[in-house]
Structure formats: C-alpha cells, structure tokens
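As you go down the protein sequences, you meet chains A and B in turn.
Going by full-length UniProt numbering, the letters in the first sequence line up with residues 1 to 358, in that order.
Going by full-length UniProt numbering, the letters in the second sequence line up with residues 1 to 358, in that order.
Note that CB positions come from ideal geometry on N, CA and C, so glycine has one too.
So the structure is just underneath, and the comments pick up after that.
There are 2 protein chains.
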Amino acid sequence: MKELSIQASNHLYKVHIGSGLRHSIGSLIKGSYPQILIITDSEVAPLYLEDVKQSFSEGRVDTAVIPAGEQSKCMHQYEQLLTACIENGLDRNSLVVALGGGVVGDLAGFVAATYMRGIDYIQVPTTILAHDSSVGGKVAINHEQGKNMIGCFYSPTQVLYDIETLRTLPFYEIRSGYAEIVKHGCLDNPGLFKDVISRKLTSDIQEEVLIDHLLQGIAIKSAIVEQDEKEKGVRKYLNLGHTLGHAIESEAGYGRLTHGEAVAIGLLFAMYVSREKLGADMPITELYDWLEQHGYPLDALKSLNSSHLIARMKKDKKSSAGIVNMVLLQKLGEPTMMEFQDQELNDLLNHFQEEVMS
Amino acid sequence: MKELSIQASNHLYKVHIGSGLRHSIGSLIKGSYPQILIITDSEVAPLYLEDVKQSFSEGRVDTAVIPAGEQSKCMHQYEQLLTACIENGLDRNSLVVALGGGVVGDLAGFVAATYMRGIDYIQVPTTILAHDSSVGGKVAINHEQGKNMIGCFYSPTQVLYDIETLRTLPFYEIRSGYAEIVKHGCLDNPGLFKDVISRKLTSDIQEEVLIDHLLQGIAIKSAIVEQDEKEKGVRKYLNLGHTLGHAIESEAGYGRLTHGEAVAIGLLFAMYVSREKLGADMPITELYDWLEQHGYPLDALKSLNSSHLIARMKKDKKSSAGIVNMVLLQKLGEPTMMEFQDQELNDLLNHFQEEVMS
Numbered sequence: 001m002k003e004l005s006i007q008a009s010n011h012l013y014k015v016h017i018g019s020g021l022r023h024s025i026g027s028l029i030k031g032s033y034p035q036i037l038i039i040t041d042s043e044v045a046p047l048y049l050e051d052v053k054q055s056f057s058e059g060r061v062d063t064a065v066i067p068a069g070e071q072s073k074c075m076h077q078y079e080q081l082l083t084a085c086i087e088n089g090l091d092r093n094s095l096v097v098a099l100g101g102g103v104v105g106d107l108a109g110f111v112a113a114t115y116m117r118g119i120d121y122i123q124v125p126t127t128i129l130a131h132d133s134s135v136g137g138k139v140a141i142n143h144e145q146g147k148n149m150i151g152c153f154y155s156p157t158q159v160l161y162d163i164e165t166l167r168t169l170p171f172y173e174i175r176s177g178y179a180e181i182v183k184h185g186c187l188d189n190p191g192l193f194k195d196v197i198s199r200k201l202t203s204d205i206q207e208e209v210l211i212d213h214l215l216q217g218i219a220i221k222s223a224i225v226e227q228d229e230k231e232k233g234v235r236k237y238l239n240l241g242h243t244l245g246h247a248i249e250s251e252a253g254y255g256r257l258t259h260g261e262a263v264a265i266g267l268l269f270a271m272y273v274s275r276e277k278l279g280a281d282m283p284i285t286e287l288y289d290w291l292e293q294h295g296y297p298l299d300a301l302k303s304l305n306s307s308h309l310i311a312r313m314k315k316d317k318k319s320s321a322g323i324v325n326m327v328l329l330q331k332l333g334e335p336t337m338m339e340f341q342d343q344e345l346n347d348l349l350n351h352f353q354e355e356v357m358s
Numbered sequence: 001m002k003e004l005s006i007q008a009s010n011h012l013y014k015v016h017i018g019s020g021l022r023h024s025i026g027s028l029i030k031g032s033y034p035q036i037l038i039i040t041d042s043e044v045a046p047l048y049l050e051d052v053k054q055s056f057s058e059g060r061v062d063t064a065v066i067p068a069g070e071q072s073k074c075m076h077q078y079e080q081l082l083t084a085c086i087e088n089g090l091d092r093n094s095l096v097v098a099l100g101g102g103v104v105g106d107l108a109g110f111v112a113a114t115y116m117r118g119i120d121y122i123q124v125p126t127t128i129l130a131h132d133s134s135v136g137g138k139v140a141i142n143h144e145q146g147k148n149m150i151g152c153f154y155s156p157t158q159v160l161y162d163i164e165t166l167r168t169l170p171f172y173e174i175r176s177g178y179a180e181i182v183k184h185g186c187l188d189n190p191g192l193f194k195d196v197i198s199r200k201l202t203s204d205i206q207e208e209v210l211i212d213h214l215l216q217g218i219a220i221k222s223a224i225v226e227q228d229e230k231e232k233g234v235r236k237y238l239n240l241g242h243t244l245g246h247a248i249e250s251e252a253g254y255g256r257l258t259h260g261e262a263v264a265i266g267l268l269f270a271m272y273v274s275r276e277k278l279g280a281d282m283p284i285t286e287l288y289d290w291l292e293q294h295g296y297p298l299d300a301l302k303s304l305n306s307s308h309l310i311a312r313m314k315k316d317k318k319s320s321a322g323i324v325n326m327v328l329l330q331k332l333g334e335p336t337m338m339e340f341q342d343q344e345l346n347d348l349l350n351h352f353q354e355e356v357m358s
C-alpha cells in the first residue's frame, strides 16, 4: 500500500493506494463512527458494496444506491440523499463513504458538506478518473444550466483507493481517466506525459504502472491544491483542457462522451492555442496520434456548433464578465492563463478544426 | 455609526450599526463588484429594496424577492435562487446582498455559499432577531424533517445593520428578537440580562438603547464564535433555550410562534432544569413575569404533546445517538452542557409545565 498526505485548509488527510483495500476500509479509517452511510451507484453496488459494508465491524452501516451516470449529480438526488441521511439517523458524528467514480464522489461529498453543516466523509474511488476528483475537496452537483454550478470546497478525511476495483472498468473509462493523468503530466511533469503517451493502454495495465501513474497524478494535483485550495490562483491551472472540454460535454449532452474524452479534445485545443498565441513547442501530433490510437472520439467536435460552444465557455465558472479565461502552456510543465474574446476564440476553434482535427 | 470586527476562520469582517445605513450600502461595502444580486422577501421589498438598490452607483444590480416566512427556507426556493444567480449572469466575482431577517439571511447565505462553490455576500438585517443570525456564518435551509438540517458555515464579508429598518417591525418581531438578546445576556452578561428584563419594551424603543442592546448581543455572540466557529465546543452554548425552542417551533408548525417566542419558553425551561439539576439560583419568576408582560405565548406548551417534543429534541443536530444535549446555566453568565435520557427529560418537562407554566 502506498500513502500520500494532503494538507487541506482545515485538516491533513491521507490517500492510500493499494490492491484489495476495499476489504479493510473499516480498519483503515481513523476515528470511530457509530453511524455510517455508504453512498454508491447502481453499477458499483453489485460489484463492491458488500465488500465495503463487510469491512466495518463496528457501527451501524446503511447504504444508499443512486442510478449510475452524470444525470444523478442533480438537485433531486441531492435532496433524496439528505433525506436518507435523516431517515438513517445520521448525526454530526456520522460518516459518509463515497464509493464510486466522480459522480458519486462529487454528490456524496456535497451531501456530507451540507448535512447538518458538514459531517466527515471518505472517498473510495473506483475509477481512474476519480484519482482527480477524489482529492482537492471540490464537491458539487450540476444545474440544468451548467456543470458543477452548485457546490463547495470540502475535503474528505481520507481517500482509500483500491486498484482492484479498476480491473472491472470498461475501456472507455480507462481512456477517460487517463486524459486527466495526461493533463497532470502537461501541467507539472513532462516525464509523466511522455511516459503515458509512449504506452499502449489496455484493460489490463500492469498494477505497478497504474499505481505509479495514479500516484504521480495525485501528487501533482495535491501540490497545486495545497497552494491554493479555493482556486484564487494556481488551482485554475488544473482546468487545462477543461474550458473547451466542459463545453463539449454539455453541448453534446452529458453521457455522450465521457468527461475525460471531452477533456482530451480540450487538451489538444489548449496545446494548439498555446502554439498559435505563445509560439510554444507543443507535441500536438504525438498527442493526437496517441488519442486516435486509443479510440478517443476526435470527431465529436465536427458535429458541434462553434458559437454554441463559445457561449458555453463564456458561462463557465472560470469565465468572468463574459471573457473566457483559458489555461495555456508556455511549454510542457509551465502553465499560464490567457483571456480571450468571442471572435478570436471562434477563429482559433475553426482553425483548430481545419488544421488539427481533420 | 458603530463598528465591531469579527474574526472568521478565513477572513475578518465588520459589523456596522447605524441609522439610515441602507441608503449608503453601495459606498460602505469594501471591494468592487461588477454584478450584484439583492435577495429579499415580499415584506421587506416594498419598504427598503429600492433604497438599497439606489445606494449602488456602480455595477449591475438585480433583485430576487422570495415570499416572506419560514416556509421559504426550503429546497425549492434555494433552487430558484440559484437559477436566478445563473440567469442574472452572476460569476465568481459577484456579490449577494441578503436584505431581510433570519430567513432571508440564512437562505441567501446558503445560496452564496454554494453558488459556484462560494461567492461573497453581505448581510443587511432588518429585524432584531437577525442580530443573532447575521453574524457567525451559519447558513442553512430546512428539511421537511428538521430545521436547518442542510447548510454550512460561511461567513459574510460584511454586516450592515440599519436601525431605521427596525422601526417598521410589528411588536411580535421585537419580542422575538429580544429573546435572543436575553439569551446572550444569560450566557455572558448578567448586566445585559437584568437591564433588558427591567425595561418595558415598546415599538419605539430609544435608538441608543436599541443600538446598545444589539451591540452587546453581537459582541457576546461573536466572542464565542471566534473561539469556535464550527461548533465543536463553546459555540454549543449559543443553543441555550433552543433545544426545547426548536422542538416547540416545529411541533407547533413553523409560523405559529416566532423563533424568539419559542426560544423564550426554551430559556425558561433551561433555567428550570438548571435549578432542578444543578441547584442554580435562577431568576425564573422575574423572567416569566417579563415574558408575560410582553405577550410571549407562554401557554403554547400546553397544547403540545411532551413525547412528541422529546422526539423532536432527539432529532436535533446537537443530539447524538438519541441522547439530548442541553445547555444549562450554573449561574447567570456561566453556561454548561448536560446530557439527558428520554424519561428524565419527560419528567422535567411535565414538572416544568405544572410548576412554572401554570
């Protein structure tokens, strides 16, 4: 088992990564909780819920299962889970366990953050993508008019990452998760970036390689988050690839592409803009080829309307007064921010489609 | 204008109290906000909304008016206000102004706390009761099954208290607000307690007296909150009178009694229990007479079922594993906590009704 510590504004918490951890969650958590609610989704429940439940020898353990998928990150499910907390008798000393991917983590985290003004929760991620969302304390639900519009900053008390649960992931989930690992490499570790895009990913990636990639990804993210938990400064860099990524995701309709697939296209676009505007030397072709080889949906952009995408980007939380703020790269490992007006962004997006994506 | 500073965990904020402040809110706020949303209710809007709106010479100012009353502190209004934030184009640099009493402050504060993971908000209280709720950063909405069950700790960036807005309060609101001032006196300032209960309150309390009482109340609350923002310890004392108070409020049905009226009865009960259990010398008769003289609904308890009230107390956020934690007084100005089981609490409640309330 590997360990990593993260300093949040109010407490220090640990990330444990290992094989089979789900069987010993009950003994790995620090603190004792008389009442525990495990929140998971309909895909994860039949696979791992019983294992996690069995791992607790003390305390009363209840469970709540939400439908799998991004549409569960909504006001309705949020309210239902709060009702479940009350009906199961959770009090201020209770624990929420978020067992699942980013949707479960974000939603269950927001429930824990706001139930009785905040109770403890732990993240038990079951996707590669959740190496990103499970650390850093961003929790949220979506509003019809925008992703993650409702939420807060509320860090877990622990993250327990069982690598075995990644073995059952469909390949598109591996693709989705690796987009964020590639992003983390671009931000602060060109070696990680190069290592990943030199590999052919398969469903049975070697355990040590996977743990290594996840640890490096989490280390990069946590170093940034420790500097700037509330996203007043450097944390914004973590949105590399997300300005266009979020816009693609919501414009295509949630569930049509995975988050990471959309971010991968956004990452290519950020590299393209970095080259055009900053003259940065960017491995665009190498990344494009690797994405194509692994089946990332590179043609998704074609079917989407540029001006609709730009309208979405302007509504992004990172945008201010209608101006789009994009994370660019001066070179691999050196992010920066740049503001864009509509027209310029529109031109860049059109040229990107012509020059890179076709 | 009087000023008082409060140290929250993440920032220092000021409370300004004065006459006519609503006309200069725009110039009194520190920081510049390109986009402002004033949230108020249907009773306050016709009286003061235009004044506050006019006070802003810069920035785009939008408004949202909720129906007056506790029933607005609900999930539905919360969601509607978040939609209003999006539709009015609020971004991370925008400001929410909570203009109203505790309902508006709690609800608008929770909206600000969770919109885009938290934007700035200021409290502009228009009731005496809100001298309590507008400081300390507790924001929340109610769940059908419990008051303030959903919320977080999120302090305003400023509190601007215009004494003139208290002039239009109906007398039951003055009664309601003064219950919390009396509570603050009991907790940490016997002089304030004695001063208040030696007076005959009227709708036209002298301005200096009112400012003095409010300032003392806020000073007591803020000193406690500065020590323990997240209610792990001493902040619990602020719940003096609230264990039974909340139970009465919800058992009678919100809106039947005001919050302060219910707390006043809870305060009497806390004094009674303090005398019975701790042998404390408590001015029960003096407080009872003063409450009766001012029309507090002392007979409300008669019509309520004791076991229902106790079931409500056990569901209170301060309760843990079904044991009720009550704040008692060793003497005026010296609070302490004590745990109670059902049966004992039931006996105490029945004796209280027989000995004190009839």
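Assigned secondary structure, residue i (DSSP; H/G/I helix, E/B strand, else coil)
i                      : result
A:Tyr272               : helix
A:Gln7                 : strand
B:Asp299               : coil
A:Gln343               : helix
B:Thr165               : helix
B:Leu12                : strand
residue 391 of chain A : This structure cannot settle anything about residue 391 of chain A, because the visible part of chain A is limited to 1 through 358.
B:Ile218               : helix
A:Gln158               : strand
A:Gly69                : coil
A:Val356               : coil
A:Asn148               : strand
A:His143               : strand
B:Gly20                : coil
B:Val44                : coil
Chain-ordered chain A contacts of residue i [CB-CB under 7 Å]
i       : result
B:Cys74 : Within 7 Å Cβ-Cβ: nothing; B:Cys74 doesn't reach chain A, min ~10 Å.
B:Glu79 : Met75
With 16 other Cβ atoms within 10 Å as the buried cut-off, status of residue i
i        : result
A:Met338 : exposed
A:Ser250 : buried
A:Ala108 : buried
A:Ala112 : buried
B:Ser134 : buried
B:Thr40  : buried
B:Val209 : exposed
A:Ala130 : buried
A:Gly101 : buried
B:Pro170 : exposed
B:Ser55  : buried
Contacting residues, own chain, Cβ-Cβ under 7 Å from residue i (five flanking each side not counted)
i        : result
B:Glu286 : Ile197
A:Glu43  : Ala68
B:Val273 : Met326, Leu328 and Leu348
A:Phe193 : Val182, Gly185, Cys186 and Leu332
B:Pro297 : Leu257 and Glu261
B:Gln227 : Val234
B:Lys53  : Ile38, Val61 and Thr63
Identified DSSP bridge partners for residue i
i        : result
A:His259 : DSSP, once it has assigned bridges, lists no residue as partnering A:His259.
A:Pro335 : A:Leu329
A:Arg175 : None; A:Arg175 has no bridge partner.
B:Lys138 : B:Phe153
A:Tyr121 : A:Val96
A:Leu37  : A:Asp62 and A:Val96
Amino acids of chain B, ordered along the chain, whose beta-carbon sits closer than 7 Å to that of residue i
i        : result
A:Thr114 : Ile150, Gly151 and Cys152
Under 9 Å by beta carbon: chain B residues contacting residue i
i        : result
A:Pro156 : Within chain B, no residue comes near A:Pro156; the closest Cβ sits about 16 Å away, beyond 9 Å.
A:Lys317 : Asp91, Arg92, Met116 and Arg117
A:Ser320 : Pro34, Asp91, Arg92 and Asn93
A:Lys138 : Arg117
Residues near residue i in its chain [Cβ-Cβ closer than 6 Å; skip 5 each side]
i       : result
B:Ala45 : Val65
B:His16 : Met1, Glu3 and Leu160
Within chain A, partners of residue i - CB distance below 8 Å
i        : result
B:Gly146 : Ile86
Residue i: contacting residues in chain B (beta-carbon distance under 8 Å)
i        : result
A:His143 : Leu82, Thr83 and Ile86
8 Å Cβ shell around residue i - same chain, five flanking residues per side excluded
i        : result
A:Thr168 : Leu47
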